[in-house]
Every structure is written in structure tokens, then in C-alpha cells.
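Under the working numbering, the first residue of the sequence shown carries the number 189, and numbering increases by one thereafter.
Built from N, CA and C at the ideal position, the CB exists for glycine as well.
Note that the structure is a prediction, hence the values are computed from the model and not measured.
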Amino acid sequence: MRKASALEKIGKNKEALEILNKGEAFLIGTKFKSYLAEFKIRKAYIELAEKKYEEAIHSFKEADSLYALTKYYTGSAECNQTIGRIYALQIDYPKAITYCQKAIQLAELSKDPRSIGNCYLVLGNTFMQQQNYDKSLECYLKMLEYFKDSKNEYVIAGAYICIGNYYLYTKDFPKAKENYIQCLELREKIQDQLGIAYVIQNLGEVERAMGNLEGASKYYRQGLVSAEKLKDPLLLTGTLNNLASIEIDRKNFASAENYGLQALQLSERYGLKEFELHSKSALAKALFGAGKYREAYIYKDSVMMLKDSLTDQRQAAMALELEGKFQNHKKESEIKLQKLSLDKKDTELDASKKQRVIIIAVLILVLVFLAVLFNRFKITNKQKAIITSQKAEVEQQRNEIQEKQNEILDSLQYAKQIQKLLLANHKLVNETLPDSFIVFKPKDIVSGDFYWAAKKEDRFYLAVCDSTGHGVPGAFMSLLNINFLNEAIIEKNIREPNEVFNYVRKRLVDNLSQDGRQDGMDGILICVKDQKITYAASNNAPFIIKNNTLSILDADKMPIGKGEKNEPFKLYEFEMHKGDQLYLSTDGFADQFGGPKGKKYKYKPMYDLILKNCNLPVLQQEELLFAEFERWRGQLEQVDDVCILGIRL
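So this is what it looks like as C-alpha cells:
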């Protein structure tokens, strides 16, 4: 037994089971029933650790039968409460509760308060899994009462942890903290260093849940000191992950990155995949917060791959477990068939005992009837278990969907930051056109509308464009359009705006229009050189205010992309004087539905609004346009991206 335990401690479960099986074979048929039960119970715990649940249940039941012969009720209680725990792991709550209640009855016969308390602990945990919180608290309070009777401060401290967890789950944070502190005081008294370190983590969780980030950080740092002294990989990695998360909440991204890297190194060294997942997720958030988007994306991709890997592992484990169940049921069925065959032969040979056969037949009919009734009872219970399981599965799926939604939102936020980097640099715009504003309001997180600027020698280029679509498809088109604009001006040295549009259109048609799709953009591109402005316009027309008079300038009525017209874009030119104001706009503002009748805003009211307020400072014009858009939209959904750029010379 000792050798088997030693092998089990170092993870050599297969070798340990071989020794236990030999011990069992030696003890079977002897009078040492208690020793045989100990071998079986040790074997059952190894099978449980290996997640061979059916085998473990079978071994615990055999041990229970042996303990029943010797009337060792504490041992029987342990077997039944552990069987209950296994059924709870399998989400078969009716069976779990039945075995736990049986365990309590056996433990009460033993008059061992610690044994009774342990049974209430498992029953309480089962109710907690069911989210039957009131029942779980009843069990935990009874557990505490029995543990106090045992005078064992170690288990009393554990009871306070369970009660604290109950209050944490039910969001009664002051009571959770009160119970954790009682646990901490007991563990400090008995110098349980590992227990102290873990309860400090719990206190950190409570402070964090209460919004006290400084208090949570203090507990986590205290826990880190303990974890480093104990050199416990699980505790140390978990503590570092907690510190990384809290530092992200506190916007201390450099510190969060440091803790996350330490946690990642430990989790990879010891093969702690779940901890590795948390570490990489924290690093992605920390790097994103610090503006290191490229590195953040690398960790984000790694998180997704690791999640898929863990899901595959869980599914494989589930498949093995189901295979084990199938094989066990198959063996049981074969044994029953063999027994029935032997019974039949015995009956045929014993022809002289017809009367007994008749009696047996009647008894069999009665048993069959009872079996049918019992089977209906089992089916009803199984259906209840399935409903409970399905409810848990639906809840899990809801959580997974929420998690996926959060991941998608995180990815969109990353995409937003990348798109922001590609939009016109405000510093570059302000150097050439210091008195300007931009109203930019995507319909979704990312946008098909964009504003872009570039400087090439003595020329300054500025564009406001509306790509096909909005949201993610529109954002992809905007990235492509920006790339082609850069390519035309920076790489190909094309100078005139109309030639730039001709080049971009050709690139779009060559790359996107093979299947007949008409993807592209509408837009305005101006080129500023000295006081002269040249421009090209596709569908959207620029407008200018001179001496309090608004004039709409010319534009070509064709898209930058595949369309009905495929003529060369025209080059337009005008001069601007001090005080003149130029506006470049997409159609999102004018097309927005709203107002008392839910109609479009339209262009004329937009022009009138801008003309009426053109003498305001440009930043006030920007604020006014934002406010007017929201007033008009009201509770209606935004229908398109909005982009308006205003310039005063």
C-alpha cells in the first residue's frame, strides 16, 4: 500500500494500480476485509484522478460492501459521498444527491463529526453546481457546525472558505470577506502557509469585485510573496495572472505585461494550459492598452489557437469516458446473458420440478412487472437529469456565445486602432491646414468612410472617401483604397488628383471586379499647392463658402470602381482666399433617418446648417454638427458612416 501511494504521488498511476491489483488478489478470500477495502478505495481514487468514472464508482461500491460487513460506517460514508461527487461531475444531480444523503446517514451512525461534515460539504458543493444556492448554504452551515464539534481547526478554516465562496457567488461581498478573514485567522493560528496563501487570493477577488482595485492589488502582492516562498507552481502562476489582470484594470499596462510574462513562463514550464490561456489573454489586453498592437495581435491569435486545442482535448477525454461507459455496460450485458443461458439449461435438466418452474415463472412475471415500474422510475429520473444537463449546456453555450462576442468585439477594437493609424495624421493636416475640423462617426466600430492625407514634395493631398459598405466589409475596402492612394502618389509619383483616381479605379477593377461586383468608393481628393487647389470628385461634390455664400462645386457622376460610366476623371481647379471655407463630405449625414417623422435629413438642411454657423470657430462647428446629428437621429439606428471635413483658410 505504501509503495502504491508513493508511486501515485509522483504520477505513476499505472504502476500504482498494478501493485494494488496484486494486493487485492492476495487478500480476496481472507478474513482481512478492512485491508481489502482500503486497497479498493485507494484504487478508486486513482481511477477518479484518471477520470475513469465508471471504474471508480465500481471500486467505491466494492469498498462500501466490504465496509458494510465490518460495520465501518465512516468508510462507507466516504465511499458514498465520493460516488455522489463523481455523479455531480457527470451532471447527474439526482444520483449525486441520493448518494450524498445516504453518506450523511452512514456518517451519523459513525458519530464522527468530521465525517458528517465532509458529507455535508460534498452535498453543498453539488447544490452549488446546480445553482441551488439556498440549499448549498444550509449544507455549508451544518458542515461548519459539525467541523466545530470535531475541534479540528484545519477543517473549520475550510468551512469558512466554502461559506465565503457562497457569499462571493451571490455577490454579498461584505459577508464573503468576513468569512475569508475568519478562515485566514485560523490558518495563521495553525501556521497553514499554503492555506494562508490561497485565502489571501480569495480576499483579493472580493476587493476586486467590490471595485477596490488598490485593496485587491495589495492582497495579490501579499499572496505573491507567500507563493514565492512556497514555490508552488499553481499558486504562483495563478497569483501572477491575478496581478496582471488587476494592473490592466488599473491601466498600469507595463506592470501588467511584466506579471503576464512571468505567469506565461511558469505556465509553459509546468504545462499548465489553462493558466497559459489566462496569461496570454492578459498579455494581449496589456499590450493593446500600451499601444503595442502588433504584439497584442500575436498573443490574441495564440489565445484562439490554445482555446481550440483545449476544446479538442476536452472532447477527446469525453470520448474516452463514453467509450469506457460503453465497454462496462457491454461487459455487464454479456455476464447477464451468460447467467440467463445457464439458468435455462438448469431448468431444462430439472424437468421433474415443474411446480417449482411455475412458481419461478410467476415470480419472474412479478419481477418483470416491478422491473418495468422501476425502469419507468429510472427513465423519469434520467429525463430530469437530461433536462438539468441541457439547462447547464444552454447556460454554457450562452457563456460561450458571450465569450465569442467579447472576442469579436476585442478584435474589432484592435481593427479600429489599426484603421485609426491609417487615417490622416492630424499633425500632418494641421501643419498645412491649421484651421480645420473632422466629424468622423462610424456606424459600427470600424468604418467604410475614411479621411486620408499625404505630402509629396511641394504638394499636399487630402481625401474624404466613402468605400462600398460599412462595418467590417467597409473597413476592408477602406484599407484597400488607402493602400491604392498611397501607391499612386508615393510610389508611382502621380501628381494630379484626377489621374490618381484613374489609377485607383484601374487597380480596383483589376483586383475586385472579376465576378461582376461593383466594389470601390466615392470620394473627393484635393491637392493644395500655394493658394491654388486642384481636385477630383467622384459622385460626392465639395462645397465652398465665400462671403457668406455657399456654392456646390463640380463632381463626376461615376464611382471609383466598376460602373456604368468608365470615362477619365476630370481635373477641377479653384483658388481660395483668406477666410474662405471648404467642406468635403460623404453622404452619411444627409442620409440619416430621424426627426419627428423618421425621414432623411437631406443635403439642403445640411448646407443651410453649415452656412448659418460658418462664422463660428471650426471646433465649435465640429461640436455643433455632432450634436445636430445625434438630435436628429434620436433613438433610431445610425444608417451609415459619417465623415465631414471642414477647412478655413
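Which first and last residues belong to the beta strand (DSSP E) in which Asp637 is found? Its beta strand (DSSP E) spans residues 637 to 644.
Residue span of the beta strand (DSSP E) that contains Val688, given as start and end: Taken as a continuous stretch (DSSP letters only), Val688 belongs to no beta strand (DSSP E), being part of the alpha helix (DSSP H) at 685 to 700.
Which value, in whole angstroms, describes the spacing of the CA atoms of Arg693 and Gly708? 8 Å
Can you tell me which of Tyr354, Gln319, Ala232, Tyr342 puts its alpha carbon nearest to the alpha carbon of Tyr328? Tyr354
With contact counted as at least three CB pairs below 8 Å, one residue from each stretch, are the stretch 302 to 314 and the stretch 336 to 349 in contact? The stretch 302 to 314 and the stretch 336 to 349 touch, with no fewer than 3 CB-CB distances between them shorter than 8 Å.
By the 10 Å Cβ neighbour count, where 16 or more other Cβ atoms means buried, how is Pro784 classified, buried or exposed? The residue is exposed, with fewer than 16 neighbouring Cβ atoms inside 10 Å.
Residue range of the unbroken alpha helix (DSSP H) whose run includes Met665: 659 to 674
Reducing DSSP to helix, strand and coil, say where Phe335 ends up. If DSSP states are grouped into helix, strand and coil, Phe335 belongs with the helices.
Determine, using beta-carbon pairs with one atom in the stretch 682 to 689 and one in the stretch 658 to 667, whether at least three such pairs fall under 8 Å. no
Where does Cys653 sit, in a helix, a strand or coil, going by DSSP? Cys653: strand per DSSP, three-state reduction.
Using the rule of at least 16 other Cβ atoms within 10 Å of the residue's Cβ for burial, across every protein chain shown, is Leu454 buried or exposed? buried
By Cβ distance, which residues of its chain are closer than 7 Å to Ala385, with the 5 residues on each side in sequence left out? Excluding residues up to 5 positions away in sequence, Gly411, Ser414, Ala415, Leu418, Leu423 lie with their Cβ nearer than 7 Å to the Cβ of Ala385 in the same chain.
Straight-line CA distance for Glu242 to Asn400? 46 Å
For a quick check, are the C-beta atoms of Phe625 and Gly834 less than 8 Å apart? yes
Are at least three pairs of beta-carbons, each pair with one atom in the stretch 808 to 828 and one in the stretch 750 to 758, less than 8 Å apart? Touching, no.
Coarse secondary structure for Cys371, derived from DSSP in three states: helix
Thinking C-alpha only, which one of Leu696, Gln370, Asp360 is nearest Tyr321? The residue with the shortest Cα to Cα distance from Tyr321 is Asp360.
Taking 7 Å as the limit between beta carbons, can you name the residues of its chain near Glu645, skipping five residues before and five after? none
So the beta strand (DSSP E) Thr722 belongs to, where does it begin and stop? Under the DSSP assignment, Thr722 falls in the beta strand (DSSP E) whose first and last residues are 720 to 726.
Close Cβ partners of Leu475 (< 8 Å) along its chain, the five nearest in sequence each way excluded: Cβ neighbours of Leu475 beyond the five flanking positions: Phe441, Glu445, Tyr481, Glu483, Ala484, Tyr487.
Counting along the chain, where does the alpha helix (DSSP H) carrying Gln381 start and finish? 381 to 397
Could you please give me the residues that DSSP links to Gln769 through a beta bridge? Ile733, Arg836
Using DSSP with H/G/I as helix, E/B as strand and the rest coil, what is Arg438? Arg438 falls in the coil class under three-state DSSP.
Proximity to Leu611 [Cα-Cα], best of Phe648, Ser666, Asn618: Checking every option, the nearest Cα to that of Leu611 belongs to Ser666.
Have a look at Ala265, Asn727, Ile740 and flag the residue whose alpha-carbon is nearest the alpha-carbon of Met746. Asn727
Any contact between the stretch 819 to 833 and the stretch 626 to 638? By contact I mean 3 or more CB pairs, one from each, below 8 Å. yes
Could you give the C-beta distance for Ala364 and Val343, rounded to a whole number, given that I count them as a contact under 8 Å? 20 Å between Cβ atoms; not a contact.
What is the C-beta distance between Leu254 and Ala225, in whole angstroms, given that I count them as a contact (C-beta under 8 Å)? 4 Å
Cβ separation of Ala651 and Leu616, assumed to be a contact under 8 Å, to the nearest whole Å: That belief does not hold up - the Cβ atoms of Ala651 and Leu616 are roughly 13 Å apart, past 8 Å.
Please report how far the alpha carbon of Leu824 lies from the alpha carbon of Phe781, in whole angstroms. 7 Å
Of the choices Lys439, Arg438, Thr425, whose alpha-carbon is the least far from that of Lys468? Thr425
Among Tyr639, Leu738, Tyr789, whose alpha-carbon lies nearest the alpha-carbon of Tyr649? Tyr639
Integer-rounded CB distance, given that Thr258 should sit under 8 Å from Lys231: That pair is no contact at about 18 Å.
What residues in its chain sit with their C-beta under 6 Å from that of Gly822, if we drop five residues either side in the sequence? Gly782
Using beta-carbon positions only, say whether Phe335 and Arg302 come within less than 8 Å of one another. yes
I'd like to confirm the pairing. Which residues does DSSP put opposite Lys717 in its beta bridges? Lys720
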